[in-house]
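J.:
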Amino acid sequence: MSDKETRHKERQEKLKQAVDTKIANAQTVKGLMIVITGNGKGKSTSGFGTVARGVGHGLKCAVAQFIKGNWECGERALLEKNGVEFHVMGTGFTWNTQDRIADTEAALAIWEKCEQMLQDESLDLVLLDELTYMITYDYVPLERVLTALRNRPFMQSVVVTGRAAHRELTEMADTVSEVRNVKHAFDSGVKALKGVDW
Ligand code: ATP
Ligand code: MG
Numbered sequence: 000m001s002d003k004e005t006r007h008k009e010r011q012e013k014l015k016q017a018v019d020t021k022i023a024n025a026q027t028v029k030g031l032m033i034v035i036t037g038n039g040k041g042k043s044t045s046g047f048g049t050v051a052r053g054v055g056h057g058l059k060c061a062v063a064q065f066i067k068g069n070w071e072c073g074e075r076a077l078l079e080k081n082g083v084e085f086h087v088m089g090t091g092f093t094w095n096t097q098d099r100i101a102d103t104e105a106a107l108a109i110w111e112k113c114e115q116m117l118q119d120e121s122l123d124l125v126l127l128d129e130l131t132y133m134i135t136y137d138y139v140p141l142e143r144v145l146t147a148l149r150n151r152p153f154m155q156s157v158v159v160t161g162r163a164a165h166r167e168l169t170e171m172a173d174t175v176s177e178v179r180n181v182k183h184a185f186d187s188g189v190k191a192l193k194g195v196d197w
């Protein structure tokens, strides 16, 4: 064996030992809170990927989407066919007009549904897609969100997506990933594509 191969083998053995130790140390079983934030593309895709994973294993999943309004996203069509409860922020929500009263009403209406989901022992996994903005714009009080998340059933997992996640959300989460924008097609004038972007 050459020096290079020996070094490689030693490194791999060390790595395997480290991973084995981590696996042996990971003994806790509980529902997870995951936050996917940052400016790059892939946050909602990741959240829906987790839901697809759960559905594939027969978990009971639910989704609340805080932005998309009435536009038909591909995930919804697929997941509803597979028995996933799906709530989208209702009419009245208007990013463009910045009508705070209507926005807040729409946000609170869907948040009430979320509170029910976060108390539902039968739900294994809840995706709160684009929730971070509700806190940023103060449409839903931070404390109300934190309380519902903190008191959810012990085995229920929750995925929160959206840019600029509040520090209190990331502190409460078990896993936080920040998707960094390296480049995005939109910046070079490429249109969002059905089935890829929504
Ligand atoms: P996706 O739903 O594709 O996973 P995302 O959830 O990470 O994206 P959002 O901020 O929710 O990102 O934006 C939703 C839409 O904006 C998607 O169509 C996505 O392709 C697009 N988008 C995401 N990131 C960027 C970016 N950095 N520049 C331009 N457009 C973006
Ligand atoms: Mg998104």
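The opening position of the sequence shown corresponds to residue 0 in numbering that gives the first Met the number 0, with each subsequent residue numbered one higher.
Yeah, the Cβ is synthetic: ideal placement off N, Cα and C, and Gly gets one too.
1. Anyone know if the C-beta pair for Phe-65 and Leu-130 falls short of 8 Å?
2. According to DSSP, simplified to helix, strand and coil, what is Met-133?
3. For Phe-153, name the three-state secondary structure that DSSP assigns.
4. Under 5 Å from any heavy atom of ligand 1, by CB: list those residues in chain order, please.
5. May I ask you to check if the CB of Thr-160 is nearer than 7 Å to at least one heavy atom of ligand 2?
6. Alpha carbons only, please: which of Gly-37, Asp-119 and Leu-168 is nearest the one belonging to Arg-143?
7. Whole-angstrom Cβ separation of Leu-124 and Cys-60, contact assumed at under 8 Å?
8. For a test of the three-state rule: what should DSSP assign to Val-50, helix, strand or coil?
9. Would you call the region 147 to 166 and the region 32 to 46 touching, i.e. three or more CB-CB distances under 8 Å?
10. Please classify Gly-46 as buried or exposed, where buried requires at least 16 neighbouring CB atoms within 10 angstroms.
11. Is the CB-CB distance between Thr-49 and Lys-42 below 8 Å?
12. Measuring only from the beta carbon, is Glu-129 closer than 7 Å to any heavy atom that is part of ligand 2?
13. I'd like to check one pair, Asp-128 with Ala-63: are the Cβ atoms closer than 8 Å?
14. Would you tell me roughly how many angstroms separate the C-alpha atoms of Lys-15 and Ile-22, rounded to the nearest one?
15. Within 7 Å: the Cβ of Leu-78 and any heavy atom of ligand 3?
T.: In terms of the structure at hand:
1. Along the sequence shown, one-based indexing puts residue 65 at 66. Along the sequence shown, one-based indexing puts residue 130 at 131. It is a contact, given that the beta carbons lie within the stated cut-off.
2. Taking the sequence shown and counting its residues from 1, one reaches residue 133 at position 134. Reduced to three states, the DSSP call for Met-133 is helix.
3. Within the sequence shown, the letter at position 154 stands for residue 153. Here Phe-153 sits in coil by DSSP.
4. My final list is Lys-40, Gly-41, Lys-42, Ser-43, Thr-44, Asn-180, His-183, Phe-185, Ala-191 and Asp-196.
5. Numbered from 1 along the sequence shown, position 161 holds the residue referred to as residue 160. The answer is yes for Thr-160.
6. One-based indexing of the sequence shown puts residue 143 at position 144. Nearest option by C-alpha distance: Leu-168.
7. Start at 1 with the first residue of the sequence shown, and residue 124 comes out as number 125. Start at 1 with the first residue of the sequence shown, and residue 60 comes out as number 61. Contact flag correct, Cβ pair sits at about 4 Å.
8. Here residue 50 refers to the residue found at position 51 of the sequence shown. Note: Val-50 maps to helix in three-state DSSP.
9. yes
10. Taking the sequence shown and counting its residues from 1, the one referred to as residue 46 is at position 47. Gly-46 should be labelled buried.
11. Numbered from its first residue, the sequence shown carries residue 49 at position 50. Numbered from its first residue, the sequence shown carries residue 42 at position 43. Their beta carbons are not under 8 Å apart, which means Thr-49 does not touch Lys-42 by this criterion.
12. Counted from its first residue, the sequence shown places residue 129 at position 130. Checking every heavy atom of ligand 2 against the Cβ of Glu-129, one is found closer than 7 Å.
13. Translated into the one-based positions of the sequence shown, residue 63 becomes position 64. Translated into the one-based positions of the sequence shown, residue 128 becomes position 129. Yes.
14. The count along the sequence shown starts at 1 and reaches residue 15 at position 16. The count along the sequence shown starts at 1 and reaches residue 22 at position 23. Whole-angstrom Cα-Cα distance: 10 Å.
15. Of the ligands this structure carries, namely ligand 1 and ligand 2, none is ligand 3.
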